[in-house]
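Adding 2 to a residue's 1-based position in the sequence shown gives its number in our numbering. Built from N, CA and C at the ideal position, the CB exists for glycine as well. Small disclaimer: the values here were computed from a predicted structure and weren't measured. What follows is a single structure, written as structure tokens, with notes after it.
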Amino acid sequence: MVEEKVLKLKPLKHKKLDLVMIESEFPIDWYFEKDKKRDDNLAWDLNIISKEYVNLMEKYIDKYQPDFVVEEKGNRDPELLDDDPLRSLFKRKKIPYSMVDISENAEDYLRATLDQHNYLIRQLNNKIDAMIKQNNGVALKKDSTFQQIVLWKEYLQREYDQQEDEVRYEVREAWMMMKIVNLAKEMEKEKIKGIFICDLAHFKGINELAEDLHIKTKQIKLEKKVAVENNPILINTDGGVESIKKSDQQPKQSLIELSGIKIKKKDNSEKICYFFDTDDYASPFDINMAYDAGFDVVVPVSNMTAEKVPQLVQDAIFSRKPKAPTTFFIGGANVREGEKIAKKVQESLVTPFECPVIIDPRGSHTTASAVVAKTLKVAHEKHGIESLEGKKVAIMGAGPVARIAAILAAKQKAETYIVETWDKANEKSIKTLAADLNAEAGEEATEIVGIFAPTVEDRVDIVKDADVIWSLAAAGVEVLPSEVMSKLTGTKLVVDINLVPPYGIEGLKPKHDNEEIYKGIFGIGALALGKLKSDSESSLLKEAANTRGKKVFNYINAFHKAQEILAK
């Protein structure tokens with residue numbers, strides 16, 4: 003076979019190759035300078051192969067029935083390996099065997115590109131040795147010229163080593179893989195099995211190349227043990243080796259124990275996030291967050307409804323293997339439909355194809371969690387308030403964020419009031435909402451009271467004795483003007499998530515972070531919450547991307563994430 007002159011890596015056509023990679027018994031050295039040797043690799047230098055390794059290899063041959071065997075050559079001369087016991091094994095088994103590595107022409111060319119480095123390193127080493135010799139064998143630590151020469155030499159050596167490593171791994175691996183593929187091409191069979199014996203350090207690179215070429219691989223590393231107790235060899239005080247003669251009854255045993263361990267390869271399946279948004283257009287914010295959290299693919303589905311869920315979910319999960327990295331992310335402004343979608347997604351997941359589900363319609367779960375977590379931290383650290391238990395929390399607004407915030411406040415045992423400020427609503431609707439929120443919060447939570455307060459005057463009665471006020475109404479809606487805020491008494495902590503003027507609380511700006519905006523009233527604005535909200539969502543997405551199996555991420559997880567972030 004004529005040696006390849008040009009490196010070309012192309013997938014096999016109309017053939018399937020399964021490649022079993024087996025770790026060599028000892029590391030396989032390769033250097034540009036062929037006379038360079040590792041001090042700890044005498045067995046490899048002498049081409050000593052244990053009978054245990056040969057026996058193990060024979061077991062793998064019998065198990066996998068390969069059509070060919072190839073071995074990494076390294077710096078060895080194939081012509082000097084005629085008595086190699088592995089070669090004898092393959093010959094006896096009638097299995098084609100060859101060594102693979104970078105072509106000599108390519109190696110010579112690449113070596114030549116570093117000749118100047120090599121020459122300068124030798125010259126500098128000679129100069130360093132001469133200067134040390136002239137100084138009675140002592141390095142001239144304080145001599146600036148000596149220091150500069152040493153630094154030049156070290157930088158040149160490092161650059162040389164880095165380029166040699168690039169050839170040792172990436173370049174040689176590509177050449178070895180090309181030769182393996184070419185061997186498979188020459189065979190008449192459509193389904194081909196091969197064994198590749200190589201240094202363990204090449205497993206990762208060869209496996210990545212194999213994946214690109216659609217070659218299926220198995221990786222087997224060696225577990226090596228040496229019996230040190232009750233062994234049949236003694237070394238006497240003169241360094242001589244004495245063999246202990248065993249009785250006929252005592253079974254023969256080997257000092258060396260070798261076994262193969264099949265490496266479980268990392269799942270490299272792409273992480274896919276299906277983003278179900280109830281809105282006309284899927285939110286670019288959430289799509290970007292998902293990509294930045296580590297998903298390889300984000301599939302937005304707009305105008306999503308619960309009735310569409312079963313077919314879409316099962317199409318998504320059944321087209322992938324069980325426990326593939328698939329996540330469903332529920333968003334959109336229609337909270338009630340979002341809740342139905344989330345419930346339907348969970349019902350549509352089938353064992354063993356379950357996967358994570360994130361529920362955060364229009365960021366309501368992560369935003370509300372940020373509001374509550376930030377309130378708790380500031381109240382504790384700045385105002386000496388240990389918890390919200392028994393504190394009156396007035397929530398202005400009854401939208402998605404306000405609803406989740408009310409549930410979290412009730413779970414913190416606060417006296418929780420959710421205030422509907424929209425004049426198109428009515429008292430019945432907010433009472434019905436409060437009942438639903440109480441059911442979600444659970445029996446251990448305090449009661450959430452629904453209040454209809456369409457006018458500023460109605461709201462004054464709610465906030466005048468509140469300890470905490472959260473302005474969580476729609477963007478651009480002022481719920482409490484300055485004339486109300488300036489007349490409030492006592493210490494109050496006020497939070498406003500509104501980033502668009504007019505702000506929800508007049509006088510409270512987005513940049514405020516526990517600043518006294520009125521006497522005794524301390525404000526936290528949207529910008530002080532924004533990073534916490536984004537970090538919480540990112541953390542949820544990252545965890546979901548790396549979760550296998552069913553797990554639901556909602557406001558409970560988001561609240562814990564926000565608290566963890568603030569605790570750092």
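Considering only their Cβ atoms, is the gap separating Lys-323 from Asp-298 smaller than 8 Å? Cβ distance not < 8 Å, so Asp-298 and Lys-323 don't count as in contact.
Is the separation between the beta-carbon of Ala-547 and that of Ala-295 shorter than 8 Å? Result yes, Cβ atoms of Ala-547 and Ala-295 sit closer than 8 Å.
Rounded to the nearest angstrom, how far is the Cβ of Pro-504 from that of Glu-485, given a contact under 8 Å? About 14 Å separates the beta carbon of Pro-504 from that of Glu-485, a gap too long to meet the 8 Å contact definition.
Counting beta carbon pairs with one atom in the segment 106–116 and one in the segment 132–149, are three or more of them shorter than 8 Å? Counting Cβ pairs under 8 Å, fewer than three are found: no touch.
Beta carbon of Ile-194, beta carbon of Ile-24: below 8 Å? A distance of 8 Å or more separates the beta carbons of Ile-194 and Ile-24.
Establish whether the CB of Lys-563 and some CB of chain D are separated by less than 8 Å. Included in the structure is just one protein chain, with no chain D present.
Nonlocal neighbours in the same chain, by C-beta distance under 8 Å from Ala-335, ignoring five residues either side: Thr-280, Asp-281, Pro-363, Arg-364 and Pro-402.
State the CB to CB distance for the pair Gly-196 and Leu-21, rounded to an integer number of angstroms; the pair is presumed to be in contact (CB under 8 Å). About 5 Å; that satisfies the 8 Å criterion.
Report the rounded CA-to-CA distance for Gln-165 versus Glu-566, giving the unit in angstroms. Within the model, the alpha-carbon separation for Gln-165 versus Glu-566 is close to 44 Å.
Return helix, strand or coil for Pro-302, following the three-state DSSP convention. It is a strand residue.
Can you tell me whether Trp-32 is helix, strand or coil according to DSSP? Coil at Trp-32, not helix or strand.
Whose C-beta lies closer than 7 Å to the C-beta of Ser-538 among residues of the same chain, with five residues either side of it excluded? Counting only Cβ-Cβ distances below 7 Å, and skipping sequence neighbours, we find Thr-368, Ser-371, Ala-372, Ala-560, Lys-563, Ala-564 and Ile-567.
By alpha-carbon positions, which one of Phe-524, Gln-221 and Tyr-157 ends up nearest to Thr-2? This structure cannot settle anything about residue 2, because the visible part of the chain is limited to 3 through 570.
Residue range of the alpha helix (DSSP H) that Glu-73 falls in? Element bounds for Glu-73: not the alpha helix (DSSP H) but the beta strand (DSSP E), 70–74.
Answer yes if the segment 410–421 comes into contact with the segment 433–443, meaning at least three C-beta pairs across the two stretches below 8 Å, and no otherwise. Segments in contact, yes.
Work out the CA separation of Ala-284 and Thr-307 for me, nearest whole Å. Approximately 13 Å between the Cα atoms of the pair.
Determine the direct distance from the alpha carbon of Ile-104 to that of Ala-203, and round the result to whole angstroms. Each residue's alpha carbon lies about 16 Å from the other.
When we look at the beta-carbon of Thr-423 and count the other beta-carbons within 10 Å, is it buried (16 or more) or exposed? It is buried - the Cβ of Thr-423 has at least 16 other Cβ atoms within 10 Å.
Can you name the start and end residues of the alpha helix (DSSP H) that Tyr-111 belongs to? Note, Tyr-111: alpha helix (DSSP H), 106–114.
Complete runs of the beta strand (DSSP E) confined to the segment 464–515 [at least 3 residues]: With a minimum length of 3 residues, the continuous beta strand (DSSP E) runs that stay inside the segment 464–515 are 470–473 and 494–498.
Assign Asp-250 to buried or exposed, taking buried as 16 or more other Cβ atoms, counted over all protein chains shown, within 10 Å of its Cβ. In this predicted model, Asp-250 has a pLDDT of only 45, less than 50, meaning its place in the structure is not dependable enough to derive any value.
Give me the Cα-Cα distance between Gln-150 and Asp-167, rounded to the nearest whole angstrom. Near 26 Å, if we compare the C-alpha coordinates of Asp-167 and Gln-150.
Residue range of the unbroken alpha helix (DSSP H) whose run includes Glu-349: For Glu-349, the uninterrupted alpha helix (DSSP H) segment begins and ends at 337–350.
Proximity winner among Glu-54, Leu-224, Val-72 and Asp-145, relative to Ile-182 (alpha-carbon distances): Comparing Cα positions, the closest option is Val-72.
Would you check if the segment 382–392 and the segment 342–353 touch, i.e. whether three or more CB-CB distances between them fall below 8 Å? Under the three-pair Cβ rule at 8 Å, the segment 342–353 does not count as touching the segment 382–392.
Can you list, in chain order, the residues of its chain with a C-beta nearer than 6 Å to that of Val-395? Leave out the 5 residues immediately preceding and following it. Around Val-395: Ala-411, Ala-416, Thr-418 and Val-470.
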